[in-house]
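At position 30 of the sequence shown (counting the first as 1) the number is 29 in numbering that gives the first Met the number 0, and the numbers step up by one without a gap. The beta-carbon is built from N, C-alpha and C at its ideal position, and this holds for glycine as well. Single-structure report; data block below.
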Amino acid sequence: MFDFDEEIDRHGDGSVKWNHFGPDILPLFIADMDFRAPQVIIEKLVEKARFGVYGYQLYDELNKLIARWLRRQYKCEADEQWIVLLHALVPGLALTTSMREGSVLIPVPSYTGILDAPVKTGRRSIWSPLKNEDEYYQPDFDDMRHKAEADTRMMMLSNPHNPVGRVYKEEELREFSRFAKERNILVISDEVHSDFIYENKHIPFFTLDDYAYNNSITLMGPGKTYNVAGLPFGFAVIPNKNIRREFKKAAYAISESGVMHAAVAEKAYDGSCDDWKRELMVYLKGNRDFLEAGLKKISSDIKFPHNEGSYLQWIDFSRLLGEENPYRWLIKKARVAMSEGAAFGESDANGRRNNHVRLNFATTRARLAEALRRIEAALNA
Ligand SMILES: Cc1ncc(COP(=O)(O)O)c(C=O)c1O
């Protein structure tokens with residue numbers, strides 16, 4: 000049994016989460032967890048650190064390990080040659096946008112690293128708001144067909160979806176693929192949260208159909224699952240040889256990770272952390288349910304989608320707070336820091352809004368309870 004209830008004091012650890020605001024603010028922003036990484040990973044890092052020689056690494060074994068993990072995890076075909084190792088996902092996202100001229104279609108809201116990627120490489124983004132029907136978010140394919148332009152050659156997806164917590168169903172993914180095929184679009188599928196599934200089943204984009212197999216780049220990594228984002232590491236799965244060649248060319252300057260990072264990845268994908276992961280998922284699902292019940296108890300005017308995957312909860316405070324910016328209100332009045340909705344390109348048919356915040360529930364249940372208590376007290380003040 001792992002103790003996810005242990006309160007680790009992260010003040011002074013140099014983390015963004017616990018050191019950006021003052022000590023009186025409870026931080027529930029950014030996407031890292033307040034849990035210690037699995038012991039197997041810690042021991043591997045200590046062993047590597049003690050060894051004392053940190054030369055250039057041979058990564059072939061890691062490619063094999065990751066391909067084997069993909070086959071085991073998703074019962075899919077996966078060849079070690081398809082894997083391109085990366086120094087984290089964010090640079091991977093950015094470089095994909097340099098692979099095609101033209102505009103990039105992004106369903107919004109969406110993870111900031113996805114929104115930023117085309118901006119950094121001078122590509123134009125086209126945002127297509129997800130449809131929100133009674134707090135159930137779905138891709139709006141009519142809107143996408145309407146908005147995509149003749150020069151739209153790329154689409155960037157997040158699945159499980161950060162920030163709305165959807166795990167796309169097979170029919171939805173197939174429709175993405177159909178749409179992409181109609182327009183000859185290359186699909187970038189960011190699946191860094193793919194281990195956090197409470198409902199539905201995660202389907203890696205490249206496994207979907209022939210078009211997806213030949214026209215997509217799927218990005219994954221251990222950063223979220225094992226809380227090792229500070230040891231950046233990720234990989235792309237690219238079955239198509241030509242796209243892989245193009246990607247490797249674009250990735251030349253960033254493709255290699257470090258000794259310690261590779262050591263972590265080895266443990267993440269060789270199966271030795273599977274028990275820890277299983278227990279983590281049980282704890283996080285408990286947190287999700289606890290949070291949902293707590294928010295409902297505070298007020299039926301706090302609106303939120305049911306989270307199917309990830310540890311990020313998208314919450315709409317607009318019925319309670321009206322025009323007030325909920326992010327600022329929560330910091331000022333409740334002393335709880337979440338992520339600001341507008342950063343995710345929150346928008347609807349009427350344009351940009353700022354009704355939401357994103358709450359990270361990968362913390363101890365006691366801290367979640369404290370956050371709920373603070374929010375309730377602020378609303379009643
Ligand atoms: C959807 C998504 N992709 C990528 C990242 C960042 O990945 P990395 O730390 O490997 O760059 C995050 C972090 O929050 C994320 O939520």
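One Cα belongs to K276, the other to E46, and the distance between them is close to 22 Å. Counting C-beta atoms within 10 angstroms of its own C-beta, K223 has 16 or more neighbours from the protein chains shown and is therefore classed as buried. Unbroken beta strand (DSSP E) runs of no fewer than 3 residues, entirely contained in the region 35-99, are found at 82-85, following chain order. Excluding residues up to 5 positions away in sequence, nothing lies with its Cβ nearer than 8 Å to the Cβ of G13 in the same chain. Judged by DSSP in its simplified three-state form, A336 adopts strand. If you look at H145, you'll find it in the alpha helix (DSSP H) that goes F140 to K146. Residue state for V163 is assigned as coil, using DSSP reduced to three classes. Contact between the region 48-62 and the region 194-211 is absent: fewer than 3 CB-CB pairs across the two stretches fall below 8 Å. In this structure, ligand 1 has no non-hydrogen atom nearer than 7 Å to the beta-carbon of V186. Only residues of its own chain outside the window of five on either side were considered, and among them A336, M337 and S338 have a CB closer than 6 Å to the CB of F28, listed in chain order. One Cα belongs to Y53, the other to V258, and the distance between them is close to 6 Å. Judged by DSSP in its simplified three-state form, F20 adopts coil rather than helix or strand.
Residue pairing for T217: DSSP places it in a beta bridge opposite S188 and V236.
For the options I40, L25, P90 and N226, the alpha carbon positioned closest to that of E255 is the one of P90. Annotation: K168 is outside any alpha helix (DSSP H) and is labelled neither H nor E by DSSP.
Pairing W313 with I40, the inter-Cα distance amounts to about 31 Å. With fewer than 16 other CB atoms across the displayed protein chains lying within 10 angstroms of its CB, L57 is exposed.
Within the region 245-320, the runs of alpha helix (DSSP H) that reach at least 4 residues and sit entirely inside it are, in chain order, 258-268, 273-297 and 317-320. Between the beta-carbon of S102 and that of D142 there is about 15 Å, and that puts the pair past the 8 Å contact cut. The C-beta distance from N354 to D315 rounds to 5 Å, short enough to fall under 8 Å. Counting only the Cα atoms, D139 lies some 26 Å from I237.
In the structure shown, E132 falls within a strand segment according to DSSP collapsed to helix, strand and coil. Its chain contains P159, G164, R165, V166, I196, Y197, E198 and N199 as the residues whose beta carbon lies nearer than 8 Å to that of E307, once the 5 sequence neighbours on both sides are disregarded; these appear in chain order. Separation of E79 and E174 (C-alpha to C-alpha, rounded to the nearest whole angstrom) is 28 Å.
Here the C-alpha atom of A368 lies approximately 13 Å from the C-alpha atom of L358.
Taken through DSSP and simplified to helix, strand or coil, P325 comes out as helix. At least one heavy atom of ligand 1 sits closer than 7 Å to the Cβ of N161. When E6, Y268 and Y210 are compared, the shortest CA-CA separation from R366 is found for E6. In this chain, L27 is not harboured by any beta strand (DSSP E), its DSSP state being neither H nor E. Taking C-beta separations shorter than 8 Å and ignoring five residues to either side along the sequence, the partners of K168 in its chain run N199, following chain order. Residue pairing from DSSP places I105 in a beta bridge opposite W126.
The bridge partners DSSP lists for I196 are G308. For L371, the enclosing alpha helix (DSSP H) begins and ends at R364 to N379.
When secondary structure is reduced to three states using DSSP, V356 falls in the strand class. Taking 7 Å as the cut-off, one finds at least one heavy atom of ligand 1 near enough to the beta carbon of D189. Remark: the C-beta of V118 is outside contact range of ligand 1, defined as less than 7 Å to any heavy atom.
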